[in-house]
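Letter by letter, the sequence shown follows residues 1 to 526 in UniProt numbering. Report on the structure given below.
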Amino acid sequence: MSNLFDSDSPTNLAEYSVSELSGSIKRTVETAFDQVRVRGEISGYRGPHSSGHAYFALKDDRARIDAVIWKTTFSRLKFRPEEGMEVIATGKVTTFPGSSKYQIVIETLEPAGAGALMALIEERKRKLGAEGLFDAARKKRLPFMPKVIGVVTSPTGAVIRDILHRISDRFPVHVLVWPVKVQGEGAGEEVANAIRGFNALEPGDAIARPDVLIVARGGGSLEDLWSFNDEIVVRAAAESRIPLISAVGHETDWTLIDYAADIRAPTPTGAAEMAVPVRAELEAQLAALAARLQGCMNRQMDQRRQSVRALMRALPSLDQLLALPRRRFDEAAAGLGRGLALNTINKRRGFERVASHLRPDVLSNRIAERRQTLNERMARAERTVERLLDRSKSRIDRAEAILASLPARLKTQTDRGRERLGNLTRHADTAIRHQLTRARAELSAQDRVLQSLSYKNVLKRGYAVIRDEDDRPVSQAATLSAGTGIAIEFADGRVGAMTTEGGAPPAGAKKRSAKLAEPPKQGSLF
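Following this line, the structure appears as C-alpha cells:
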C-alpha cells in the first residue's frame, strides 16, 4: 500500500496502483472465504484440460461462479463432474487479478444428495436404454452346467469367499478371479477392463475361457455403488459375449449394470446359486430318471410279452396248417400212375402222326426239289463268274492301253524335268556368284579394320618394338640384363642387337640375335 500523497490532490485519500488494489482484494477475499461449501449445478464442463486441470462454473437460478479443480485434486475425487449435475463443492474463494474475476478453488466435490444422483442415474438409464443396451432380445441364456466361471470382484472382501464357498457346496468347478476395485476412483474402468479381458480369451488359450461371468460387490450406499452406474461399465456388460450375472449390492440395491446384464442376482451368493446347479440334486434326479426308465422298460416288456401271447393264441396249430397241403400231396400221388399212362399214350400217338409222313416217295420228291434248287444256284453262279471275267478282261485291256502310252508320258515329263533342272542350275550359279561377291566385300572390310588396328601402322610413324630371346615384346627395361640378345622390329624389318650395360654377353648370344633378326613369316588369311 502506498502512503504517498499528491500535494495537488483536493482530498487526502490514499492512491493505489492497479496491482496493489488487485492484490489487496485477493488477500481480503481469500481471508474471508478461505473455506466455504457451495451448492450449485455444474455448467460448461468439458472434461479435464490438457494440463490436467478442470475449469467450469457453478450456478443456480440467479447467480454463477467460476470454479477450478487442480490436477492433483481431480485425481482424488470420488465422483467425476458431469454437465448439469448438482453438487456440493468445498474449497476457498480467490481472485484472478489478470481479468478481475473471482473463482472457487474446489478441494472436495460430492453430489448434492441422493435425489441428484437418482436423477443422474435416470438420465443415463434413458440414454442407454434408447440405444438398446437394456433390450431383452440382447439377453443370453446361462449354460446349465458351466465348466469355468469368471468372477470380477475385490479379492480381499467377503464376497469372493461367499461365492467360492457356495460354488464348492453346490457343484465344484474351476473359478477364475479378476481382482478389481469395487469402489472409489478408477473402479469403473477396472471393472470394464476385466469384463472385456475375459471376453478377449479364446478357447484353447493357456487361461481357460469362462462360460459364465459374475460381477459382484457387497452392499453399500448409493455413493459406494456408484462405480457400477458408470457408462463404461454398462457398455462393457452389454457387449459381453459371455453370459453375465450382475450381483451388486443387496436385493433392494439396483445399479445400471443390472439392466445391461443377462440376469440379475439379489446377492453374490444368489449369483453363485444361479451359475451352477446342485450336484446332489442332479444325482438324485438322475437316479430317479434311471429308476423311471427301468420301470418303463419293464412295463414295456410286459406289454410286448402279453401281445405276443395273444398273437400266439390267434395262430392255428401246426396240424391245421399242414392238413391242406398234405391232402393235396396225397391226391397228386394217387393220380401220378394214371398221368404217366396217359402221357405215354399221347407221345405214342404223336410219334405215329410224324411217322406217317416219312414215306419213300415223299423223301424222293424232297430230294428232287433240293437237286433242282442246287442246279439253279450253280447256273446263276456260272453266269456271275462269266460277268466277273468280262469285267476283269476289260480292266486288263484298259491297263495295257495305259502302259502302252506310258513311255510317251515319261518322255514328256523327263523333258520338263530337264528344263526345270537347267533353270534351277542357272539360278543357283547366279546366287553363288552373288554370295561370293558379298563374302569378298565383307572380307575386304574386315581386312581394312585389321590393318587399321595393327601395330605396324604405329611402326611406320617411326616407332620400334623390342622383343626378347623368346620373341616376346619387352615393355620395361628392368626385365633385360646386360649381354641379353634382343630383336628390334621396325616398319621395314628386324635387326638384332645386344644389351651392352653390365658384364660380357653370354655364350650363344650371337646365334639368338641372328635368330631374332629374322622376321617371322606371316601366313595367308585365305
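A virtual CB, placed ideally from N, CA and C, is assigned to each residue, including glycine.
DSSP state of residue i, grouped into three classes?
i	result
Ala271	helix
Pro179	strand
His427	helix
Tyr16	coil
Lys92	strand
Gly523	Model confidence at Gly523 stands at a pLDDT of 49, short of 50, so the residue's coordinates are unreliable; what they give is reported in the following sentence. It is coil, neither helix nor strand.
Arg241	coil
Thr484	coil
Val38	strand
Pro505	Legend: pLDDT at Pro505 = 47, less than 50; position of this residue unreliable, value from coordinates given subsequently. Coil.
Ile232	helix
His174	strand
Ile207	coil
Pro143	coil
Met498	strand
Pro111	strand
Leu213	strand
Gly493	strand
Ala261	coil
Thr252	coil
Thr344	helix
Ser246	strand
Glu202	coil
Gly417	helix
Gly337	helix
Glu86	strand
Do residue j and residue i have their beta-carbon atoms positioned less than 8 Å apart in this structure?
i	j	result
Phe56	Val93	no
Ala192	Ala236	yes
Arg39	Ile88	yes
Val276	Val173	yes
Thr153	Arg196	no
Val159	Pro268	yes
Leu58	Phe79	no
Ile42	Glu83	yes
Leu21	Glu185	no
Glu231	Arg124	yes
Met274	Leu142	yes
Ile486	Asp470	no
Leu450	Ala491	no
Lys139	Asp262	yes
Gly204	Gly249	no
Restricting to Cα atoms, I'd like to know which of the options is closest to residue i.
i	options	result
Ser226	Pro146, Pro407, Pro111 and Gly23	One point to set straight first is that residue 226 is Trp, not Ser, in the sequence displayed. Nearest C-alpha to Trp226: Pro111.
Leu176	Asp211, Arg62 and Gly157	Asp211
Ser481	Gly496, Thr500, Ile488 and Phe490	Thr500
Lys26	Phe79, Glu82 and Gly98	Gly98
Gly493	Val233, Ile232, His165 and Ile466	Ile466
residue 615	Ile65, Ile160 and Ala272	Past the edges of the chain, shown from 1 to 526, lies residue 615, and the structure says nothing about it.
Ser24	Ser221, Thr95, Arg472 and Ile106	Thr95
Val18	Ser100, Met85 and Gly91	Ser100
Glu107	Lys140, Val68 and Gly84	Val68
Gly91	Arg305, Leu363, Tyr16 and Glu30	Glu30
Gly483	Val354, Lys347 and Gly496	Gly496
Ser50	Arg64, Ile65, Arg37 and Lys71	Lys71
Asn229	Lys127, Val36 and Cys296	Lys127
Phe134	Ser392, Arg264, His434 and Leu324	Arg264
Arg37	Asp429, Ser307 and Ile65	Ile65
The ligand COA heavy atoms versus the CB of residue i: any closer than 7 Å?
i	result
Asp390	Of the ligands one can find in the structure shown there are none, so the ligand COA has no counterpart to examine.
So does the segment 43 to 50 actually touch the segment 116 to 126, counting three or more Cβ pairs closer than 8 Å?
-> no
Runs of alpha helix (DSSP H) lying entirely within the segment 42 to 80, each at least 4 residues, in chain order | 71 to 74
Below 8 Å, can you find three or more Cβ-Cβ pairs linking the segment 291 to 307 to the segment 182 to 198?
-> no
Segment contact, 8 Å Cβ cut-off, at least three pairs: the segment 229 to 243 with the segment 172 to 183 | no
Touching or not, the segment 414 to 433 and the segment 445 to 455, by the rule of three or more beta carbon pairs under 8 Å?
-> no
Tell me, please, whether the segment 247 to 255 touches the segment 277 to 286 by the rule of three or more beta-carbon pairs shorter than 8 Å.
-> no
Pair every Cβ in the segment 212 to 223 with every Cβ in the segment 142 to 150, then say whether three or more of these pairs are closer than 8 Å.
-> yes
Is it true that the segment 470 to 486 meets the segment 431 to 444, where meeting means three or more beta-carbon pairs spaced less than 8 Å apart?
-> no
Could I get the ranges of all uninterrupted alpha helix (DSSP H) runs contained in the segment 265 to 328, with 4 residues as the minimum, in chain order?
-> 268 to 275 and 279 to 314
Runs of beta strand (DSSP E) lying entirely within the segment 429 to 485, each at least 3 residues, in chain order = 465 to 467
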